[in-house]
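At position 221 of the sequence shown (counting the first as 1) the number is 721 in our numbering, and the numbers step up by one without a gap.
Glycine included, C-beta positions come from ideal geometry on N, C-alpha and C.
All values reported here derive from a predicted model rather than from experimental measurement.
Written out below as structure tokens is the structure these notes cover.
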Amino acid sequence: MSFFKRLFKIGQAEAHNVIDKLEDPIKLSEQAIRDLKQDLSLAMQAFAEVKALAIKMERDKNLYAERSLEWERKAVLLLQRAENGQMAPQEAERLAKEALLQKEDATKKATEAALNLERQNDAVGKLQMQVEKLRRTVQQQENELVTLKARAKTAESMKKVNKQLAGIDSDSTIAMLERMKQKVETDETLAQAYSEMEGLNESLNTKIDKALEENSLQGDLLLEDLKSKLKKP
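Set out below in structure tokens:
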């Protein structure tokens with residue numbers, strides 16, 4: 501293995517050690533989302549309280565407005581009774597004045613309640629926007645967490661593969677493959693040689709058998725020739 505390859509592997513090992521020592525980003529993200537959800541829960545509780553107060557203020561405003569109209573109606577009835585002779589004019593006017601004072605007080609309270617309600621509704625609107633923004637943030641973070649988990653899983657798989665590849669000595673592997681190739685070629689050569697030797701042995705046996713057959717035939721001919729000579733006088 502060359503010097504640069506060894507240096508690269510050392511650098512890879514150091515980088516992996518540093519990464520492994522870092523805090524788990526998945527756990528950090530999950531904790532951040534839990535914190536955001538807790539903040540959202542508190543914000544929604546605060547929003548509900550502010551909204552409830554706004555509803556109460558609106559009811560108070562309507563109540564004061566109704567009381568103002570009621571006191572005015574009573575003052576009118578008192579004056580009408582005085583005109584009809586059903587009440588003494590002085591008493592009717594005195595009570596009508598009291599009713600008008602009550603009407604004025606109710607009108608002031610209704611006006612004040614309307615102003616308070618307007619401010620409260622403004623606060624409700626702003627708080628609602630914050631709650632919705634926080635809700636969207638939580639949803640966005642949850643979506644990003646899903647993506648982050650998928651990326652982390654892919655990165656972990658790639659890291660394992662890279663570690664396995666980094667542990668393989670390519671030079672040694674190539675040398676081993678070359679030795680295996682040479683061994684296979686040697687075995688093939690030996691097999692071919694044995695095959696040829698077997699063919700030679702068969703050829704030699706054939707030649708010997710043929711020669712023996714020829715000698716036997718020649719011997720038979722000589723024997724027959726000798727017998728023929730002996731039969732002649």
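Sub-8 Å separation of residue i and residue j beta-carbons
i	j	result
residue 557	residue 613	yes
residue 547	residue 620	no
residue 526	residue 652	yes
residue 780	residue 624	Outside the shown range of the chain (501 to 733) lies residue 780, about which nothing can therefore be said.
residue 569	residue 592	no
residue 530	residue 645	yes
residue 567	residue 606	yes
Nearest-angstrom Cβ-Cβ length linking residue i and residue j, presumed shorter than 8 Å
i	j	result
residue 582	residue 589	4 Å
residue 638	residue 533	7 Å
residue 600	residue 575	5 Å
residue 648	residue 561	So it is not a contact: roughly 50 Å between Cβ atoms.
Proximity winner among the options, relative to residue i (alpha-carbon distances)
i	options	result
residue 536	633, 570, 587 and 615	633
residue 563	648, 646, 689 and 603	603
residue 635	617, 541 and 648	541
residue 622	528, 551 and 725	551
residue 598	692, 731, 573 and 657	573
residue 528	626, 674 and 641	641
Secondary structure, beta strand (DSSP E): runs of 3+ residues fully inside the stretch 621-682:
Qualifying beta strand (DSSP E) stretches: none in this window.
Scan the stretch 528-581 and note each continuous beta strand (DSSP E) run of 3 residues or more that stays entirely inside, going in chain order.
None, since the stretch 528-581 contains no complete beta strand (DSSP E) of that length.
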